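Protein chains: 4
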Amino acid sequence: MTTAKPLRVGMVGYAFMGAAHSHAWRTAPRFFDLPLQPQLTAVAGRNADGVRGAADKLGWESVETDWRRLIERDDIDLIDICTPGNTHAEIAIAALEAGKHVLCEKPLANSVEEAERMTLAAETAAKHGVFSMCGFSYRRTPALALAKRFVEQGRLGEIRHVRAQYLQDWLSDANAPMTWRLDKSKSGSGSLGDIGAHSIDAAQWVTGRNISGVSAILETFVRERPLAGDLVGLGGHGDLSSDAPRGTVTVDDAAIFSAKFDGGPIGVFEATRYALGRKNAMRLEVNGTKGSLAFDFEEMNVLSFYDAAESPDAGFRRIFVTEPEHPYVGNWWPTGHGLGYEHGFTHQVVDLVTAIGEGRQPEPSFGDALQVQRVLAAVESSAANSSQWQKV
Amino acid sequence: MTTAKPLRVGMVGYAFMGAAHSHAWRTAPRFFDLPLQPQLTAVAGRNADGVRGAADKLGWESVETDWRRLIERDDIDLIDICTPGNTHAEIAIAALEAGKHVLCEKPLANSVEEAERMTLAAETAAKHGVFSMCGFSYRRTPALALAKRFVEQGRLGEIRHVRAQYLQDWLSDANAPMTWRLDKSKSGSGSLGDIGAHSIDAAQWVTGRNISGVSAILETFVRERPLAGDLVGLGGHGDLSSDAPRGTVTVDDAAIFSAKFDGGPIGVFEATRYALGRKNAMRLEVNGTKGSLAFDFEEMNVLSFYDAAESPDAGFRRIFVTEPEHPYVGNWWPTGHGLGYEHGFTHQVVDLVTAIGEGRQPEPSFGDALQVQRVLAAVESSAANSSQWQKV
Amino acid sequence: MTTAKPLRVGMVGYAFMGAAHSHAWRTAPRFFDLPLQPQLTAVAGRNADGVRGAADKLGWESVETDWRRLIERDDIDLIDICTPGNTHAEIAIAALEAGKHVLCEKPLANSVEEAERMTLAAETAAKHGVFSMCGFSYRRTPALALAKRFVEQGRLGEIRHVRAQYLQDWLSDANAPMTWRLDKSKSGSGSLGDIGAHSIDAAQWVTGRNISGVSAILETFVRERPLAGDLVGLGGHGDLSSDAPRGTVTVDDAAIFSAKFDGGPIGVFEATRYALGRKNAMRLEVNGTKGSLAFDFEEMNVLSFYDAAESPDAGFRRIFVTEPEHPYVGNWWPTGHGLGYEHGFTHQVVDLVTAIGEGRQPEPSFGDALQVQRVLAAVESSAANSSQWQKV
Amino acid sequence: MTTAKPLRVGMVGYAFMGAAHSHAWRTAPRFFDLPLQPQLTAVAGRNADGVRGAADKLGWESVETDWRRLIERDDIDLIDICTPGNTHAEIAIAALEAGKHVLCEKPLANSVEEAERMTLAAETAAKHGVFSMCGFSYRRTPALALAKRFVEQGRLGEIRHVRAQYLQDWLSDANAPMTWRLDKSKSGSGSLGDIGAHSIDAAQWVTGRNISGVSAILETFVRERPLAGDLVGLGGHGDLSSDAPRGTVTVDDAAIFSAKFDGGPIGVFEATRYALGRKNAMRLEVNGTKGSLAFDFEEMNVLSFYDAAESPDAGFRRIFVTEPEHPYVGNWWPTGHGLGYEHGFTHQVVDLVTAIGEGRQPEPSFGDALQVQRVLAAVESSAANSSQWQKV
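Residue numbers (the UniProt record's numbering), protein chains in the order written: chain L, 1 to 392; chain C, 1 to 392; chain G, 1 to 392; chain D, 1 to 392.
So, in structure tokens, the structure goes:
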């Protein structure tokens with residue numbers, strides 16, 4: 001570990017995602033052999049006290065109050081973007097042009113146009129050995145990575161059905177406070193881009209097929225929320241005093257769309273933060289001619305697999321994805337000792353650093369994320385046009 | 001039991017549904033106190049030997065080879081229609097006009113026009129105390145009846161989301177033989193009408209709200225199938241010899257649609273016979289502002305209920321719907337001794353006979369079933385029109 | 001069906017078990033081809049009005065108020081004993097000696113001595129073509145029958161572990177009323193014989209190995225209960241008025257024992273009616289060198305199977321035991337349409353009538369049931385002797 | 001964080017447990033506010049190269065090849081013992097006598113006598129503000145901590161039943177190699193002490209009641225194993241070449257015992273590494289007069305709770321233990337984002353450091369662990385004495 005060349009990281013933002021990324025940067029080299037040694041060199045945030053406290057807590061060596069300073073610093077090799085979507089394009093493009101590798105949280109951008117510019121910048125930079133990746137961290141869940149492996153091995157045969165749900169409930173309370181996630185100018189969209197984007201990426205990645213068209217509806221159940229209140233986790237409790245100001249929700253609360261994939265499969269997607277009782281039910285089911293797979297992030301260490309060849313004694317097999325042969329798992333604990341949410345971020349760092357160290361493009365590239373962005377745009381276009389079928 | 005006035009039944013058709021209905025007519029009075037005593041008076045079928053054998057096996061006292069004869073007979077009070085959808089309108093209308101009560105399998109008809117005529121006949125007959133019901137038997141599953149009770153009691157609050165899946169896999173094998181279920185002239189539609197209709201009825205009934213509009217896609221994965229073969233259950237093994245003739249599938253294999261319900265809830269529906277590994281997964285989930293419900297017919301004795309008032313220790317509660325207080329259950333076994341598929345048909349008989357005995361309209365009426373038919377038609381219309389939103 | 005020779009049944013008792021048996025006698029010939037045609041000829045009970053009402057409701061042609069009359073009647077071929085255990089020996093032996101076949105509810109008797117006499121009578125009668133069977137109906141659950149098939153096929157390898165639980169909760173309420181099930185003079189024992197006997201029989205039958213020794217504890221949590229009250233299902237609500245008399249519980253409320261099986265496997269058993277929330281959790285898990293099986297009657301249509309050969313992608317496979325190839329299932333509904341509690345009794349009739357029709361000994365014989373009785377006795381002996389190991 | 005006084009840790013051993021503890025020491029201060037700042041000062045191991053590599057990988061500042069040196073060093077405040085059980089007493093007593101706090105892995109010792117001496121040393125040291133804790137880390141699983149909270153709140157009423165299983169399968173392969181865990185001189189016992197000890201501690205802790213007596217059997221299925229081979233995780237693949245030497249297994253492979261708890265509850269325990277398909281199924285179910293709890297570590301973020309007051313609509317409620325109000329959880333991720341195996345160790349550090357910082361005895365104390373040791377000894381004594389009841 002000590003002899004590896006350093007990879008000096010500068011992170012922008014230090015909220016939920018910042019904490020997860022910090023843990024990953026600290027932890028990855030403790031469990032995996034990496035070609036480069038990550039260093040938590042600097043974190044940037046506009047609030048000087050806030051960023052100082054975060055640096056202490058999360059283990060960053062220095063702070064900046066302007067992300068541009070991170071990019072100017074010579075002692076930073078990689079920019080890790082953990083801010084809302086409206087800032088991604090500017091930061092990422094500046095970083096790439098400055099020769100810094102980039103890890104950018106998802107969704108890649110708030111518009112296809114931004115994503116296209118980012119992809120162009122990424123492809124240009126890659127020619128000079130400067131790489132970028134979009135943070136679709138669910139790809140690094142061992143069970144989903146095993147799902148992809150099964151599809152690639154042909155164990156599902158020809159794929160016919162995809163059903164993807166991402167169900168949360170932290171907005172069910174109509175009085176939970178406004179957040180940047182409900183402000184279209186910052187977040188780009190609501191459930192669609194925040195969680196639906198994960199489903200889209202996972203569905204395309206696991207099946208190895210792109211979505212070619214969609215028909216969609218979007219719904220906003222609660223159109224005004226208290227501007228102040230106690231934000232706990234992603235939800236919380238708004239200020240309901242009679243004169244407390246309320247803000248306007250400008251994004252979708254829920255998105256439903258049907259889809260067709262290249263080559264024939266059809267899919268159905270749903271993303272919502274109002275499915276009371278579902279906390280982080282990122283679910284994916286794929287049915288093929290030979291087998292089926294089912295996954296639910298609320299049981300993240302399990303992949304269910306149905307092998308039709310076992311008929312008439314076939315049944316969904318609950319694979320506890322904790323064997324040393326399973327993706328990422330061998331570097332952790334003995335069989336049966338499950339992983340948690342943050343491991344996806346640690347694995348993301350492992351894959352990113354390994355690719356950079358080996359001089360090759362990490363996945364998902366900005367181009368891969370642009371395809372997701374195009375699906376998001378098609379969904380919004382269809383929804384705005386009486387659900388008419390919209391090509392991606 | 002012995003003193004109750006008889007209700008003399010004539011059944012048309014004796015295949016899958018005929019066997020289920022026969023068991024129900026035989027069994028209902030053994031476990032429930034009915035105001036009328038069902039008698040299995042006659043069964044009709046075109047094949048004389050077939051219907052004779054079925055009558056012996058299923059317990060019918062006499063046979064007819066023409067359903068018209070059943071209607072002419074004075075000793076028949078009720079016509080039970082268990083034939084494919086293309087025959088429903090003619091039989092049901094003739095029976096009603098002859099003053100016979102009618103139980104008609106679902107979907108009510110193969111077109112809205114037929115369903116409208118049937119409904120008119122039903123409403124006219126009802127004025128003279130002649131009643132009719134459509135066989136949406138899943139309403140009689142105790143867990144779904146309990147779900148409706150919870151909604152009516154306000155335990156879900158205001159409903160926001162409905163997600164309904166009906167997943168089977170008996171057509172996954174591309175070489176399973178043709179059946180009348182794949183012939184639009186007989187069945188009207190494929191997965192949509194056969195199983196999707198159950199989901200539509202259950203969703204509307206449980207929530208107490210009608211669907212007002214849809215956007216849909218339909219897909220046919222396998223367009224030709226062997227005309228001969230070994231039909232086992234609903235699927236089976238086709239004749240694959242090189243010169244075996246093949247027939248054309250003229251219905252949908254899968255249907256996906258989004259929906260809006262009166263009063264605001266949105267829904268997503270999927271029906272397919274290609275979800276490998278899902279055998280009879282008729283699933284319904286409803287999310288409200290106070291609680292949520294989830295049901296899967298593959299665990300038909302369980303209703304999952306989430307009560308937000310129990311937060312932060314809330315969780316989906318797995319109610320084993322076998323308590324004497326639960327719908328229908330008190331007449332069966334002690335707590336914890338689950339029921340099976342056919343009990344829905346027995347309960348259907350109980351509800352039908354009770355309503356007739358009490359001189360009131362049973363539910364679902366033909367009018368209720370007409371509403372389902374209109375949703376089916378809207379789905380087909382949207383699918384044929386680039387998924388454009390279609391009002392019901 | 002109509003040409004088969006009749007098998008004229010006389011049933012003793014008409015409570016919970018009587019209703020289940022009646023349904024089975026009525027239903028078996030409707031779904032299965034039997035070599036003999038069961039007829040519900042007569043039912044016996046001491047209360048003239050009660051037995052008359054039961055006969056009408058359950059479909060019996062005639063009644064007797066003394067079981068001895070049933071045995072004397074020439075028009076009875078088989079005696080079906082559905083009374084408490086203290087009556088089994090007398091009725092069964094008299095019936096066998098009178099040349100009547102016998103179906104006797106479990107546990108076979110209230111003592112090993114009685115069971116031995118019954119077995120002797122059964123073996124003597126069998127030489128003359130008069131057969132008997134003990135009603136361990138769980139053997140007829142398709143999932144458990146499939147479990148036995150898997151063991152016989154060697155899919156588990158050498159068996160090492162058995163864990164069997166039978167958990168109910170209908171006595172959790174300390175004020176539920178007394179019943180004959182809590183009176184040792186009638187029931188022989190409590191949870192041990194009532195439900196533990198099922199576990200013992202199932203464990204021995206599925207594994208094909210007898211229990212050779214045990215170490216046990218028995219516990220009675222509630223020693224007095226109201227003598228009057230409202231019995232609902234198996235539990236209910238006692239009369240708690242201050243002067244209401246209370247009776248003494250003379251049986252175990254819970255039994256726990258470890259066991260060794262012939263040939264090496266070890267087992268752990270628990271039976272209780274105080275496992276709050278478990279309604280009819282008759283569970284069996286078997287671990288071998290090649291595979292494992294798990295079953296829970298609360299999901300009676302499912303068998304979980306783990307096949308180590310699939311490692312590292314092995315996992316418990318949830319077999320939905322509703323395929324036509326599965327035991328008993330092909331005679332019922334299409335794949336995915338589950339069965340209920342009472343089907344076990346119908347299958348029991350099928351197996352019994354088929355064996356009698358073919359002139360061979362049905363299983364489980366009284367000798368098989370005697371082995372269960374010996375285990376029950378060994379458990380009681382160990383518990384009475386400081387849990388010291390007790391050979392069976 | 002930076003202003004807190006340091007707590008300088010010296011760890012002995014660096015295998016499975018060492019890696020888990022190191023991660024915990026590194027991570028705890030990043031997510032929790034601690035009164036003392038842990039420093040990974042030194043790690044000790046006999047193999048100089050091995051310990052050097054481990055220190056680099058796991059993040060320790062210095063190394064020692066003799067644990068006695070750790071104790072001598074002035075710059076060490078706490079000794080963390082991660083070695084096999086036969087070494088615990090000597091190290092722990094020496095450390096305590098030297099004024100170092102001690103965290104000692106479980107089981108506390110290999111005999112009651114050792115555990116008694118350790119407890120005496122701990123109690124003496126505590127008088128001088130030097131504290132010790134035994135590493136029953138499952139207590140720090142949020143779901144189990146919530147279970148204890150429910151019992152303390154009276155939500156279960158009076159407890160009647162405890163059933164505890166700890167099922168693994170890594171020894172199912174009879175050719176997996178010998179390890180120190182199968183050598184009684186190092187490990188003390190087999191499944192009993194390694195995993196059964198966790199069940200015993202959890203059962204006593206959650207219920208708040210000690211076990212007062214047991215009846216037990218122990219079994220060793222495989223008595224010889226290859227001495228060499230490829231150890232993967234806890235199992236692996238032995239060297240099966242014909243002349244490869246084999247070693248003798250001197251511990252139990254499986255342990256089964258019944259138990260009585262102070263105040264009336266009865267329990268049943270099973271620990272095995274031969275339950276094929278069960279990977280880390282540490283399960284605990286508790287039934288009381290008002291409610292029941294069920295937990296399985298294979299779904300470690302879930303606690304199932306049955307509340308009889310909800311009858312007849314009661315059911316086991318699947319609490320996803322990821323709410324900010326749940327033990328430990330608020331310091332991690334938003335609702336619905338589950339934790340993994342290693343979090344228990346991080347929480348253990350949090351509780352230990354907090355107690356030391358506040359000058360109070362952490363739990364479980366050596367005295368608590370001594371009680372577990374006494375149960376282990378009683379189990380072995382009963383098993384050696386024909387399962388005769390053995391007081392603890």
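Note that CB positions come from ideal geometry on N, CA and C, so glycine has one too.
As the structure is a prediction and not an experimental result, all values here were calculated from the model.
Could you tell me whether the Cβ atoms of residue i and residue j are closer together than 8 Å?
{"i": "Tyr-306 (chain C)", "j": "Gly-233 (chain L)", "result": "no"}
{"i": "Ala-143 (chain L)", "j": "Phe-261 (chain L)", "result": "no"}
{"i": "His-101 (chain C)", "j": "Phe-131 (chain C)", "result": "yes"}
{"i": "Gly-18 (chain C)", "j": "Asn-280 (chain G)", "result": "no"}
What span of residues does the beta strand (DSSP E) with residue i cover, start to end?
{"i": "Glu-116 (chain C)", "result": "Per DSSP, Glu-116 (chain C) belongs to no beta strand (DSSP E); it is in the alpha helix (DSSP H), 112-126."}
{"i": "Gly-135 (chain C)", "result": "That residue, Gly-135 (chain C), is in no beta strand (DSSP E); it is neither H nor E in DSSP."}
{"i": "Ile-266 (chain L)", "result": "266-272"}
{"i": "Asp-351 (chain C)", "result": "Per DSSP, Asp-351 (chain C) belongs to no beta strand (DSSP E); it is in the alpha helix (DSSP H), 343-357."}
Could you check whether the Cβ of residue i sits closer than 8 Å to any Cβ belonging to chain G?
{"i": "Asp-296 (chain L)", "result": "no"}
{"i": "Glu-323 (chain L)", "result": "yes"}
{"i": "Pro-312 (chain L)", "result": "yes"}
{"i": "His-161 (chain D)", "result": "yes"}
Whose CA, out of the options, lies closest to the CA of residue i?
{"i": "Gly-193 (chain L)", "options": "L:His-326, L:Leu-7 and L:Ala-378", "result": "L:Ala-378"}
{"i": "Thr-119 (chain C)", "options": "C:Val-222, C:Asp-252 and C:Gln-371", "result": "C:Gln-371"}
{"i": "Glu-380 (chain D)", "options": "D:Gly-340, D:Arg-283 and D:Val-251", "result": "D:Val-251"}
{"i": "Thr-207 (chain D)", "options": "D:Asn-287, D:Gln-37, D:Ile-356 and D:Ser-382", "result": "D:Asn-287"}
{"i": "Leu-103 (chain D)", "options": "D:Ser-189, D:Pro-35 and D:Ala-24", "result": "D:Ala-24"}
{"i": "Arg-117 (chain D)", "options": "D:Ser-387, D:Gln-388 and D:Gln-373", "result": "D:Gln-373"}
{"i": "Ala-125 (chain G)", "options": "G:Ala-92, G:Gln-388, G:Arg-46 and G:Leu-34", "result": "G:Ala-92"}
{"i": "Ser-387 (chain G)", "options": "G:Ala-216, G:Arg-30 and G:Pro-364", "result": "G:Ala-216"}
Within the 8 Å Cβ cut-off, does residue i reach chain C?
{"i": "Val-9 (chain L)", "result": "no"}
Buried or exposed for residue i, going by 16 or more other Cβ atoms inside 10 Å?
{"i": "Ser-191 (chain C)", "result": "buried"}
{"i": "Thr-27 (chain L)", "result": "buried"}
{"i": "Leu-240 (chain G)", "result": "exposed"}
{"i": "Thr-346 (chain C)", "result": "buried"}
{"i": "Pro-6 (chain G)", "result": "exposed"}
I want to check one thing, is the minimum distance from the CB of residue i to the heavy atoms of the ligand SAH below 7 Å?
{"i": "Arg-163 (chain G)", "result": "As presented, the structure is devoid of all ligands, the ligand SAH included, so that no description of it is given."}
Looking at chain D, is there any beta carbon in it that lies within less than 8 Å of the beta carbon of residue i?
{"i": "Phe-316 (chain G)", "result": "yes"}
{"i": "Met-1 (chain L)", "result": "Reliability of the predicted coordinates at Met-1 (chain L) is poor, the pLDDT of 46 falling under 50, and no value is obtained from them."}
{"i": "Gln-168 (chain L)", "result": "yes"}
Checking contacts by CB at 8 Å: is residue i closer than that to chain L?
{"i": "Gly-357 (chain D)", "result": "no"}
Taking residue i as part of the alpha helix (DSSP H), name the residues at either end of that continuous run.
{"i": "Asp-201 (chain L)", "result": "197-207"}
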